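Visitor: One structure, pasted below without further comment.
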Amino acid sequence: MTPLERVREFFAKIPSPPEIIIFEQDTSTSSLAAQALGVEVGQIAKSLVFTGKKGEAVMVVTCGDVKVDIKKLKSLVGFKPKFATSTEVKALTGYSPGGVCPFALQTDLPIYLDVSMKRYPLVYTAAGTSNTAVPIEFSRLLAITGGKSCDVC
Numbered sequence: 034m035t036p037l038e039r040v041r042e043f044f045a046k047i048p049s050p051p052e053i054i055i056f057e058q059d060t061s062t063s064s065l066a067a068q069a070l071g072v073e074v075g076q077i078a079k080s081l082v083f084t085g086k087k088g089e090a091v092m093v094v095t096c097g098d099v100k101v102d103i104k105k106l107k108s109l110v111g112f113k114p115k116f117a118t119s120t121e122v123k124a125l126t127g128y129s130p131g132g133v134c135p136f137a138l139q140t141d142l143p144i145y146l147d148v149s150m151k152r153y154p155l156v157y158t159a160a161g162t163s164n165t166a167v168p169i170e171f172s173r174l175l176a177i178t179g180g181k182s183c184d185v186c
């Protein structure tokens, strides 16, 4: 099953599933996705994976125009986080960098959704590939992913 098929299957189980937009061009970065959608970079919800020395791992979803404050994240998760490698990202999520999303993850990765996204009525996540986008409200993203709201930026 392709990454996009996994997301579609996940959405099929949800009442009123979110729309998946497929582009012909690359949308693997926040700036490329914003350009393709005609929105601000901040409206792109980037899904970042962090790991710890003892095998801990978490996903943080945040606006495309902010950076995660590692000290705040460490305080939240209880370990010193570092950005996961591409190999770790793929193993933990099932998605390659540029298409990582918080849906239908390969492992039971804790998901934290940064409140920076609340400033927009809609944010756009990827849908498992580097040419997809899912327009979604912050509250719906929380509900669908089972994620926890946080302030780490």
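When the letters of the sequence shown are read in order and numbered with this note's numbering, they come out as residues 34 to 186. Built from N, CA and C at the ideal position, the CB exists for glycine as well. Note that the structure is predicted; figures quoted are calculated from it, not measured.
1) For the alpha helix (DSSP H) that SER119 lies in, which residues bound it at each end?
2) Is the beta carbon of LEU106 closer than 8 Å to that of VAL93?
3) Looking only at its chain, what residues have a beta carbon closer than 6 Å to the beta carbon of THR140, apart from the 5 residues adjacent to it on each side?
4) Under 8 Å, with one C-beta from each stretch per pair, do the region 51-64 and the region 161-168 reach the 3-pair mark?
5) ARG26: buried (16+ other C-beta within 10 angstroms of its C-beta) or exposed?
6) Compare the Cα-Cα distances from LYS86 to each of MET34, CYS134, PHE112, TYR157 and report the closest residue.
7) Only counting the same chain, and skipping five residues up and downstream in sequence, which positions put a Cβ closer than 8 Å to that of GLY179?
8) Have a look at the DSSP bridge pairing and note the partners of PHE116.
9) To the nearest angstrom, report how far apart PRO48 and ALA176 are at their CA atoms.
10) Return helix, strand or coil for THR62, following the three-state DSSP convention.
11) Report the residue from LYS79, ILE54, VAL82, SER80 whose alpha carbon sits nearest the alpha carbon of GLU69.
12) I'd like to check one pair, VAL148 with SER182: are the Cβ atoms closer than 8 Å?
13) Leaving aside the five residues before and after ILE77 along the sequence, list all residues of the same chain whose C-beta is less than 6 Å from its C-beta, in chain order.
14) May I ask you to report which of helix, strand or coil DSSP gives THR165?
15) What's the gap between the Cα of GLU121 and the Cα of SER129?
Guide: Working from what's here:
1) 119-126
2) yes
3) LEU125
4) yes
5) Because the chain spans 34 through 186 in this model, residue 26 falls outside it and cannot be assessed.
6) PHE112
7) ILE144
8) PHE83
9) 12 Å
10) coil
11) Correcting the residue identity first, residue 69 is Ala in this sequence and not Glu. Comparing Cα positions, the closest option is ILE54.
12) yes
13) SER63, ALA66, ALA67, GLY97, TYR157
14) strand
15) 10 Å
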